[in-house]
Amino acid sequence: MALLQLSEPGQSTAPHQHRLAVGIDLGTTNSLVATVRSGEAATLPDSQGHHSVPSVVRYSKDRICVGHAAAEHSITDPKNTIVSVKRFMGRGVDDLQVLGKKLPYDFVATDSAVPRIHTAHGDVSATEVSSEILKYMKARAVSALGDELMGAVITVPAYFDDAQRQATKDAARLADINVLRLLNEPTAAAVAYGLDSGQEGVIAIYDLGGGTFDISILRLNKGVFEVLATGGDSALGGDDFDHKIAEWILQQAGVDAATTELDASTVRLLMQQARAAKEALSSVEQVEINVSNTSLNWQGSLSRAQMNDLLDALIKQTILACRRTLRDADVVIENIQQVVMVGGSTRVLRVREKVAEFFACEPLVSIDPDKVVAVGAALQADVLAGNKPGEEMLLLDIIPLSLGLETMGGLVEKIIHRNTPIPVAKAQDFTTYKDGQTAMAIHVVQGERDLVTDCRSLARFDLCGFPPHVAGAARIRVTFQIDADGLLMVSAREQNSGVEASVDVRPSYGLSDNEIETMLRDSMAHAEDDMQTRSLREQQVEGERVLAALDAALTADGKTLLSADERATIDVARAELINMNSKDDADAIKAAIKQVEASCEAFVARRMNSSIKQAMRGHSIDEYATHHEE
Amino acid sequence: MAITLTEPAAARVKTFLANRGKGVGMRVGVKTNGCSGMSYVLEFVDEINAEDEVFEVRGVKVIVDKKSLVYVNGTVVDFTKEGLNEGFKFTNPNEKGQCGCGESFTV
């Protein structure tokens, strides 16, 4: 007979209707799958007892292999063995050309914006490579759980943008996995420690992996997680620790690393020894190191205190990033109630020490830092699959960069600001700029800067065929909606006629965390410029609008309502405004607009009278009075 | 009238209860909704009801409602691994037949 699991009271499932759900930590270097069985969340090992699967896929002519079997070939067959594919997710050709220089892969440009990697098995996209990893994780889960999965929660970095999240979802779809939800990695780690059922307060997630560092600040409020801010360094991790120790060994061995060219096998041996020493020093005070081959021969010992000195500068960098992110979140250290440690490099005792010192509290380390994200995802999957009644766990994430629209003058009107918790829907009313306008182009952009050219374009669509109105009379409501997975839908509706248009933003490629960081930094650095540019552009747009209105009025009534003198005064003011509008002094444009308005005062009054007379011609005042009484 | 737990099964139930942080024991029962008549119920118990029978087996409270007991009396519950899969296995002397998948049974 089938094997049974313990369910929550009243939640026993009917045969063939098991609500089996897993959490998948789809990592850059390693991936894990976890599930909740009999109330216990744990990662699932393979038959050899390996829990983590190297995120490596090897494409040979007649077969595709994943994990340890593929990783063995990463050195002998680099072109067909794809490692760290997560870095390419949702990226375009341009992004990859920058990255690609250091990579052994042959990238193939295609008709779509998604580049493909040439392998012996054919050309594959990053999404397809990821889906192979997911298929592998799914197969392990199905054989461990004995039945098909209802769905999975897949974790992504908090800074993943729409394109990267969508690419992850597409990969899951290709692997025939129903995505219950994409969950931010730090949120998953907090869930693993059960912080969701705890007190209210602010939590920091310190995630130091092999090659990346992420710090996330979450706020817990009535069982709801809200990501306040994320930060980090995408090029800092445990591998850098190993490098530092390796450099030290070379120094001790009297080898000048700057001038000596070491062969690949020596470098590998050195890194192996450095890593082994680092890991050993988490449990012992001193370790013996022995590096010897044909080109290098050194024996010696490294103490924990010596290693601490080597690593302190690197650890300090992470602490500085923590400080910046706290500032971003507008949180002071005293408010941080818990710190969760994620990532293998947090096993280094010095890291724990420094983190404890900075946050003034002992970090949580009891769950294996390599597995904690997968475990949290599994717990969330269990809830979403419906195995825990009445215990609603609503997790909020944030958007990493502001989302907005292009308005006249190439300016950005932000609709949803960065760090807004999702899911979220926000609407704003816009209007037409010209008389008789019946269409509007909607350009959705992402970024912090004030000018469209400095932001990233996500989508364009047109709202067409609404009835003509005078400028400013149409009411177009634009709604931005972001679902729980962080995917954006933008819709526009002309309120008087009900004409609608919408677009799902599925950008073909995305931004890296580096680029997001750069964009954020630029927005700070250029804040002053942006403000000035914005006020100039706004005045220019206003100037053009005034000129257009004036010209229309002059064409209609200029001859009948103005004397030659009056016309001359207006023309001077008009010429001055045209002149000023082409220059870059916002105040001068403003003054010129005022001048035009002043010169037109009498003209405007006469036009008003004349149009009222026109409207009332053939009617008596009494008629209006009667209407009024009704 | 009794239910038996093997030593591994009892140990796992204790661990699972401890992990969960609450609950008094394990409910064993049947539901009439399987493709072959009936299916087993295996749940944590937070409250013992008036119509329940409680057996103390190897330090674990096994709770069975009186209606189910006639179908599961004499059942041995084991905890076992089959390949990568692991879970509780029921050996029920009352079973006369199972559906192909073994998830439901007739008496």
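Respectively, the protein sequence lines represent chains A and B. If you read the first sequence in this note's numbering, its first letter stands for residue -15, the second for the next number, and so on. If you read the second sequence in this note's numbering, its first letter stands for residue 3, the second for the next number, and so on. Don't be surprised by glycine CBs; every beta carbon is placed ideally from N, CA and C.
If you follow the alpha helix (DSSP H) that residue i is part of, which residue opens it and which one closes it?
i: Gly360 of chain A; result: 356 to 368
i: Leu71 of chain B; result: 68 to 74
i: Arg444 of chain A; result: Element bounds for Arg444 of chain A: not the alpha helix (DSSP H) but the beta strand (DSSP E), 440 to 453.
i: Phe343 of chain A; result: 333 to 343
i: Val597 of chain A; result: What sits at residue 597 of chain A in the sequence shown is Lys, not Val. Its alpha helix (DSSP H) spans residues 585 to 600.
i: Glu427 of chain A; result: Looking at the sequence provided, one finds His at residue 427 of chain A rather than Glu. No alpha helix (DSSP H) holds His427 of chain A; the beta strand (DSSP E) holding it covers 421 to 430.
i: Leu520 of chain A; result: 511 to 545
i: Ala11 of chain B; result: 9 to 22
i: Asp146 of chain A; result: 146 to 158
i: Val483 of chain A; result: Here Val483 of chain A belongs to no alpha helix (DSSP H), and DSSP marks it neither H nor E.
Less than 8 Å separating the beta-carbons of residue i and residue j?
i: Ala411 of chain A; j: Val487 of chain A; result: no
i: Asn162 of chain A; j: Gly135 of chain A; result: yes
i: Val43 of chain B; j: Val32 of chain B; result: yes
i: Phe90 of chain B; j: Leu(-13) of chain A; result: yes
i: Leu395 of chain A; j: Asp434 of chain A; result: yes
i: Ala409 of chain A; j: Gln479 of chain A; result: no
i: Val47 of chain B; j: Gly25 of chain B; result: yes
i: Lys63 of chain A; j: Pro99 of chain A; result: no
i: Val56 of chain B; j: Ile5 of chain B; result: no
i: Gln(-5) of chain A; j: Glu88 of chain B; result: no
i: Arg124 of chain A; j: Leu28 of chain A; result: yes
i: Val580 of chain A; j: Arg551 of chain A; result: no
i: Gly222 of chain A; j: Gly194 of chain A; result: yes
i: Ala313 of chain A; j: Leu447 of chain A; result: no
i: Gly7 of chain A; j: Val137 of chain A; result: yes
i: Ile562 of chain A; j: Leu538 of chain A; result: no
i: Asp224 of chain A; j: Lys262 of chain A; result: no
i: Thr139 of chain A; j: Val357 of chain A; result: yes
i: Asn565 of chain A; j: Glu528 of chain A; result: yes
i: Leu133 of chain A; j: Lys122 of chain A; result: yes
i: Phe450 of chain A; j: Thr422 of chain A; result: yes
i: Ile351 of chain A; j: Asp413 of chain A; result: no
Quick one: using the 10 Å Cβ neighbour count with 16 as the cut-off for buried, is residue i buried or exposed?
i: Gln32 of chain A; result: exposed
i: His427 of chain A; result: buried
i: Leu495 of chain A; result: Per-residue confidence for Leu495 of chain A stands at a pLDDT of 48, beneath the threshold of 50, marking its modelled position as unreliable; the derived number appears in the next sentence. So Leu495 of chain A counts as buried.
i: Thr82 of chain B; result: exposed
i: Ile66 of chain A; result: buried
i: Asp293 of chain A; result: exposed
i: Gly327 of chain A; result: buried
i: Tyr493 of chain A; result: Residue confidence is low: Tyr493 of chain A scores 40 on pLDDT, short of 50, so the model does not pin down where it sits. Its coordinate-derived value is still stated next. So Tyr493 of chain A counts as buried.
i: Met592 of chain A; result: exposed
i: Asp571 of chain A; result: exposed
i: Leu363 of chain A; result: buried
i: Glu390 of chain A; result: buried
i: Thr17 of chain B; result: exposed
i: His2 of chain A; result: buried
i: Leu304 of chain A; result: exposed
Return the Cβ separation of residue i and residue j in integer angstroms, given the expectation that the two are a contact with Cβ distance under 8 Å.
i: Gly360 of chain A; j: Ala174 of chain A; result: 7 Å
i: Ala455 of chain A; j: Thr416 of chain A; result: 6 Å
i: Ile189 of chain A; j: Glu116 of chain A; result: About 29 Å separates the two Cβ atoms, so there is no contact after all.
i: Val37 of chain A; j: Ser15 of chain A; result: 5 Å
i: His35 of chain A; j: Lys355 of chain A; result: 7 Å
i: Phe209 of chain A; j: Asp180 of chain A; result: 7 Å
i: Ser218 of chain A; j: Thr250 of chain A; result: So it is not a contact: roughly 28 Å between Cβ atoms.
i: Val74 of chain B; j: Asn94 of chain B; result: 6 Å
Could you check where the beta strand (DSSP E) with residue i kicks off and where it finishes?
i: Leu395 of chain A; result: 395 to 400
i: Thr93 of chain B; result: 87 to 93
i: Val251 of chain A; result: No beta strand (DSSP E) contains Val251 of chain A, which is instead part of the alpha helix (DSSP H) from 248 to 264.
i: His102 of chain A; result: 100 to 103
i: Met325 of chain A; result: 320 to 326
i: Asn55 of chain B; result: First, the residue type needs correcting, since residue 55 of chain B is Glu and not Asn in the sequence shown. Here the beta strand (DSSP E) through Glu55 of chain B covers 54 to 59.
i: Lys228 of chain A; result: Counting along the chain, Lys228 of chain A falls outside any beta strand (DSSP E), though it belongs to the alpha helix (DSSP H) covering 222 to 236.
i: Arg165 of chain A; result: 163 to 168
i: Val315 of chain A; result: Looking at the DSSP string, Val315 of chain A is not in any beta strand (DSSP E), and its letter there is neither H nor E.
i: Ser200 of chain A; result: 197 to 205
i: Val92 of chain A; result: 90 to 92
**Prompt:** According to a CB-to-CB cut-off of less than 8 Å, which residues of the stretch 100 to 133 of chain A neighbour chain B?
**Reply:** Listed by position along the chain: Arg124, Ser127, Ala128, Leu129, Gly130.
**Prompt:** Listed from N- to C-terminal order along the chain, which residues in the stretch 29 to 60 of chain B have their beta-carbon within a distance smaller than 7 Å of any beta-carbon of chain A?
**Reply:** Lys33, Asn35, Gly36, Cys37, Ser41, Tyr42, Val43, Leu44, Glu45, Phe46, Val47, Asp48
**Asked** Which residues, taken in chain order from the stretch -15 to -1 of chain A, show a beta carbon closer than 8 Å to some beta carbon of chain B?
**Response** Answer in chain order: Met(-15), Ala(-14), Leu(-13), Leu(-12), Gln(-11), Leu(-10), Ser(-9), Glu(-8), Pro(-7), Gly(-6), Gln(-5), Ser(-4), Ala(-2), Pro(-1).
**Request:** Identify each residue in the stretch 76 to 95 of chain B for which the Cβ-Cβ distance to at least one residue of chain A is less than 8 Å, and report them in chain order.
**Result:** Listed by position along the chain: Thr82, Glu84, Gly85, Leu86, Asn87, Glu88, Gly89, Phe90, Lys91, Phe92.
**Within 9 Å of chain B by C-beta, residues of the stretch 28 to 52 of chain A in sequence order** = Listed by position along the chain: Leu28, Pro29, Asp30, Ser31.
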